[in-house]
Amino acid sequence: MNIDAPTDEEGFDPEEIEEEEDDGTDPLSTVSLPILPKPINWHLLRSHEAEQEWLDLNQWVNQLRETYGLPASVVPPFWYRHPELVWELSALHTHWLCSYDPEQDGSGPIAWHTDFALARERLREWVAACGTRLDRDRPTRQTTWPGEAPQPPIEDEVIPDRDADFVAFVSADAARRARVEEETIIEAITREKGPR
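Residue numbers (my numbering): 316 to 511.
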């Protein structure tokens, strides 16, 4: 008894299926996988990189303080004006990104929360030492070492609009970095030409 294979409405005949030729390439090699974040060295960022990192960190810090109801004694509004807080929050952000990456194992989030508890204690210490407050800020006091010029008096600055201050801070930081980049390029060109 000879039974013909049925065809579908489009004329598909299963007997006409040809095996695909193996061209030796891995089909997954063309898939772009997300890259795990790396620690940020704020000293080495170029102006456009710094702007993006500031915006990303600011957004994450806002989510963090709202999600966990963090007081200003842990995450103050003007954290970005204090390098000690920037480095701590930036490290915590990178740790969070890695811990919640879908490619990581399931223990990442609990490890992050364990480290977050320790980080909150350090943040409290940094905030107490730097003297930033809910509605005002001042530069972190520095200890003057022997032979150094004493620091000028430090006064609190009332800041009525935190978001406007953040935008101005990021713009000034990007401009400073751009000047350094330009000076570096000019120095490199000058060295390349050499004395004539």
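C-beta: ideal position from N, C-alpha, C; glycine also.
Neighbourhood of residue i by C-beta distance below 6 Å, restricted to the same chain and skipping five residues each side
i           : result
residue 435 : 389
residue 492 : 362 and 365
residue 354 : 409
residue 387 : 449
When the options are compared against residue i, the one with the closest alpha-carbon
i           : options               : result
residue 401 : 423, 461, 361 and 445 : 445
residue 454 : 360, 468, 462 and 464 : 468
residue 442 : 373, 399 and 384      : 399
residue 438 : 487, 480, 478 and 380 : 380
residue 482 : 507, 421, 357 and 369 : 369
residue 479 : 464, 496 and 373      : 373
C-alpha distance - residue i paired with residue j, whole-angstrom precision
i           : j           : result
residue 371 : residue 412 : 11 Å
residue 473 : residue 449 : 10 Å
residue 466 : residue 440 : 22 Å
residue 426 : residue 501 : 47 Å
residue 350 : residue 419 : 12 Å
residue 396 : residue 417 : 33 Å
residue 431 : residue 462 : 39 Å
residue 460 : residue 360 : 29 Å
residue 383 : residue 421 : 21 Å
residue 385 : residue 503 : 47 Å
residue 494 : residue 358 : 14 Å
residue 428 : residue 352 : 18 Å
residue 406 : residue 447 : 20 Å
residue 550 : residue 487 : What the structure shows of the chain is the stretch from 316 to 511, and residue 550 is not part of that stretch, so it cannot be assessed.
residue 378 : residue 356 : 22 Å
residue 456 : residue 508 : 44 Å
residue 458 : residue 433 : 26 Å
Residues near residue i by beta carbon distance below 7 Å, same chain, minus five either side
i           : result
residue 366 : 485 and 489
residue 376 : 390, 394 and 404
residue 392 : 449 and 477
residue 496 : 361 and 362
In DSSP terms, what residue i is bridged to
i           : result
residue 473 : 451
Anticipated Cβ contact below 8 Å, residue i with residue j, distance rounded
i           : j           : result
residue 451 : residue 471 : 4 Å
Same chain only: Cβ atoms within 8 Å of residue i, ignoring 5 sequence neighbours per side
i           : result
residue 424 : 414 and 415
residue 498 : none
residue 464 : none
Cβ of residue i within 8 Å of any chain D Cβ
i           : result
residue 399 : Absence of chain D from the displayed structure is noted, only one protein chain being present.
Cβ-heavy atom distance, residue i to the ligand FMN, below 7 Å
i           : result
residue 359 : For the ligand FMN, the structure offers nothing, since it holds no ligand at all.
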